[in-house]
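Trainee:
Protein chains in written order, with the working numbering: chain A, 32 to 247; chain B, 13 to 238.
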């Protein structure tokens, strides 16, 4: 079996983002999605610190300390971009104006619950940022993650054991093994992306029963 | 005559008492009023409650205020950073109280204070441990959590240009928390790159109207081109 690498997962997510979408990309793997948006699609990237129309990284020497992204790294703004304050920015998120957000996760449950902000360790310093707002507010929540933990356990589970970020909000899961859709009656396989992986083997690795996807 | 422009940051912050609640603008270093924070450290006020998105980075600005032991409690959404060692140390030692608030809820609680709202129901954090113990309500098929406004005695913010009436314009993503914090505090102090004559700011480009600002200090801050 040949699993997808991080860039391939990002490219697979990008394929499913339609022309004209307003999209928020989380930090880490989700950020890579921006590199793979097909050239014939116009996507408006939202950065929750206050930009619509986020552009690529600036060339060395042209950074502006007043222009950063949600990861606090130097950014650029495309023609057509706008700036706004934090309450407006999260109004866009909570108000259902963001079509798709892409988040990383520790676990996703079969009912669409997501855990991605806290490992649950007692002495961990908690930090949540905008993850709970995005989970609760975006029209669609896409999750990108490796399918299995380092110990080989499925990160797709019946119930999350880590503290929740949001309830029943994830709509799609993109892993190094498969693309899975979360529906009211369970998880549907959209596509196996790992080369040489059978449905039965995926079913064995996955923590929750998978159904074949109904016609889209 | 109205003239909110103060000659020095020391004069603008002289009356901040011990125990004050202070909002500090900025997201990362963008919009962080570093010179005002340095001045607050020198001024000596202690037992402060601070509201910011983070809990300081490295050894400057808010991190230095925390490191100097002046902060009793912090409300923020994302304290843990690779370089938040001042916060981490005091928090682990039990010397700094933390109220962790989701970023959008933090922004809306600040906005609500400035707008005279007594509380609001938000879907954010419903069903999570950050909503534990809070009143919830089912409205039109959705679950919401009751949140309350955050008021402050002072807001220290950074803007780009100001006039003597306190009208402010911002630059790029440095706007972040400035406009909402300005409205939520009894005394808002803005450090700006440039002060201009009345009428020079296009009323269409004023983001924070002067009614929300009490004091303005011009500070030549280092800023990289362009």
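Each residue gets a CB set at the ideal place from its N, CA and C atoms; glycine is no exception.
Just checking, does the region 108-119 of chain A make contact with the region 146-160 of chain A on the three C-beta pairs under 8 Å criterion?
Mentor: The region 108-119 of chain A is not in contact with the region 146-160 of chain A.
Trainee: Okay, do the region 45-65 of chain A and the region 227-240 of chain A touch, 3+ Cβ pairs below 8 Å being the bar?
Mentor: Touching, no, given that fewer than three Cβ pairs across the two stretches are closer than 8 Å.
Trainee: State the start and end residues of the unbroken alpha helix (DSSP H) segment that holds residue 10/B.
Mentor: It is not possible to answer for residue 10/B, since the shown part of chain B is limited to 13 through 238.
Trainee: DSSP puts residue 35/B in a beta bridge; with which residues?
Mentor: Beta-bridge pairing links residue 35/B to 63/B and 167/B.
Trainee: So the candidates are 38/A, 158/A and 101/A; which of them puts its Cα closest to the Cα of residue 188/B?
Mentor: Answer by Cα proximity: 101/A.
Trainee: Assess, as a yes-or-no matter, whether the region 190-205 of chain B is touched by the region 120-135 of chain A under the definition of 3 or more beta carbon pairs within less than 8 Å.
Mentor: Not touching, per the Cβ criterion.
Trainee: Taking Cβ positions only, does residue 115/B come closer than 9 Å to chain A?
Mentor: So yes, residue 115/B belongs to the interface.
Trainee: Please classify residue 209/B: is it buried, with 16 or more other beta-carbons within 10 angstroms of its beta-carbon, or exposed?
Mentor: Under this definition residue 209/B is an exposed residue.
Trainee: Taking 9 Å as the CB-CB cut-off, is residue 237/A touching chain B?
Mentor: Residue 237/A does not count as touching chain B.
Trainee: For residue 194/B, report the span of its alpha helix (DSSP H) as first-last.
Mentor: 190-196 is the span of the alpha helix (DSSP H), which, as asked, contains residue 194/B.
Trainee: Out of 109/A, 120/A and 192/A, state which residue places its alpha-carbon closest to the alpha-carbon of residue 148/A.
Mentor: The option with the nearest alpha carbon to residue 148/A is 192/A.
Trainee: Can you check whether the C-beta of residue 1/B is within less than 9 Å of a C-beta belonging to chain A?
Mentor: Residue 1/B lies beyond the stretch modelled for chain B, which goes from 13 to 238, so this question has no answer here.
Trainee: Could you work out which residue in 110/B, 82/B, 79/B and 80/B is closest to residue 91/B when comparing CA atoms only?
Mentor: Checking every option, the nearest Cα to that of residue 91/B belongs to 110/B.
Trainee: So which residues of chain B does residue 128/A contact, with C-beta pairs closer than 7 Å?
Mentor: The contacting residues do not exist; residue 128/A stays about 13 Å from chain B at best.
Trainee: Specify the secondary structure class of residue 217/B as computed by DSSP and reduced to three states.
Mentor: Of the three classes helix, strand and coil, the one that applies to residue 217/B here is helix, per DSSP.
Trainee: Using a C-beta cutoff of 9 Å, does residue 114/A count as contacting chain B?
Mentor: Taking Cβ atoms only, chain B reaches closer than 9 Å to residue 114/A, which makes this a yes.
Trainee: Would you call the region 119-136 of chain B and the region 191-198 of chain B touching, i.e. three or more CB-CB distances under 8 Å?
Mentor: At 8 Å Cβ cutoff, the stretches touch.
Trainee: Under 6 Å Cβ to Cβ from residue 31/B, same chain only, skipping five residues before and after it: list those, please.
Mentor: Result list for residue 31/B: 59, in chain order.
Trainee: Rounded to the nearest angstrom, what separates residue 65/B and residue 38/B at their Cα positions?
Mentor: Roughly 7 Å between the two C-alpha positions.
Trainee: Does any C-beta atom of chain A lie closer than 9 Å to the C-beta of residue 31/B?
Mentor: Cβ-Cβ to chain A under 9 Å: no for residue 31/B.
Trainee: State yes or no: is the C-beta of residue 174/A within less than 9 Å of the C-beta of residue 165/A?
Mentor: No; because the gap between Cβ atoms is not below 9 Å, this pair is not in contact.
Trainee: At a Cβ threshold of 9 Å, is residue 192/A touching chain B?
Mentor: No, because no Cβ of chain B sits closer than 9 Å to the Cβ of residue 192/A.
Trainee: Between the C-alpha atoms of residue 246/B and residue 133/B, what's the straight-line distance to the nearest angstrom?
Mentor: Residue 246/B lies beyond the stretch modelled for chain B, which goes from 13 to 238, so this question has no answer here.
Trainee: Suppose the cutoff is 7 Å on Cβ atoms and the five residues either side in sequence are ignored; what does the same chain contact list for residue 217/B look like?
Mentor: Excluding positions up to five away in sequence, the list reads 181.
Trainee: Is residue 33/A helix, strand or coil when you go by DSSP?
Mentor: Correct three-state label for residue 33/A: strand.
Trainee: Can you tell me where the alpha helix (DSSP H) holding residue 79/A begins and where it ends?
Mentor: Taken as a continuous stretch (DSSP letters only), residue 79/A belongs to no alpha helix (DSSP H), as it is neither H nor E.
Trainee: I want to know whether the region 178-195 of chain A touches the region 83-101 of chain A - three or more CB-CB distances under 8 Å.
Mentor: The region 178-195 of chain A vs the region 83-101 of chain A: no contact.
Trainee: Is residue 200/B close to chain A, meaning its C-beta is less than 9 Å from at least one C-beta of that chain?
Mentor: It does not; no Cβ of chain A falls within 9 Å.
Trainee: Could you work out which residues of chain B lie near residue 124/A, taking near to mean beta carbons separated by less than 8 Å?
Mentor: In chain order: 116.
Trainee: Have a look at residue 192/B and residue 46/B and give me their C-alpha separation to the nearest angstrom.
Mentor: About 19 Å.
Trainee: Spatial neighbours of residue 143/A within its chain, please: CB distance less than 6 Å, with the 5 preceding and 5 following residues excluded, ordered by chain position.
Mentor: Around residue 143/A: 199, 200, 201 and 213.
Trainee: Quick one: which chain A residues come within Cβ less than 7 Å of residue 41/B?
Mentor: Those within 7 Å of residue 41/B in chain A are 96.
Trainee: Please classify residue 158/B as buried or exposed, where buried requires at least 16 other C-beta atoms within 10 Å of its C-beta.
Mentor: It is exposed - the Cβ of residue 158/B has fewer than 16 other Cβ atoms within 10 Å.
Trainee: Is the shortest distance between the beta-carbon of residue 106/A and the beta-carbons of chain B less than 9 Å?
Mentor: At least one chain B Cβ lies under 9 Å of residue 106/A.
Trainee: Grouping DSSP H, G and I as helix and E and B as strand, with all else coil, what is residue 132/A?
Mentor: Looking at residue 132/A - three-state DSSP - the assignment turns out to be strand.
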